[in-house]
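Below is one structure, written out as structure tokens; comments come after it.
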Amino acid sequence: MSPRTGRPKSDNNKNVMFRVRLDKDMVEKLEAASKNLEITKSDVVRNGIENEYQRSIKK
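Structure, rendered in structure tokens:
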């Protein structure tokens, strides 16, 4: 048999799905940040979480 083809396994699996409710204004801000920074909306959220975490441990 030939080896399996496809995407190789990642060292940093993102296998947890997290849903959040946003109002229209927040969605527009998220989309604008994503477009302006040229990153995905998921990356905008991840960066925001990381920034808030770093800020919280500096206290």
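Under the UniProt record's numbering, think of the first position of the sequence shown as 1, with each following residue one higher.
Built from N, CA and C at the ideal position, the CB exists for glycine as well.
All figures in this text were calculated on a predicted structure; none of them were measured in a lab.
May I ask you to report which of helix, strand or coil DSSP gives K14? coil
Sequence-distant residues of the same chain with beta carbon closer than 8 Å to L30, five excluded per side: L22, K41, V44, V45
Consult DSSP for I49 and reduce its assignment to one of helix, strand or coil. helix
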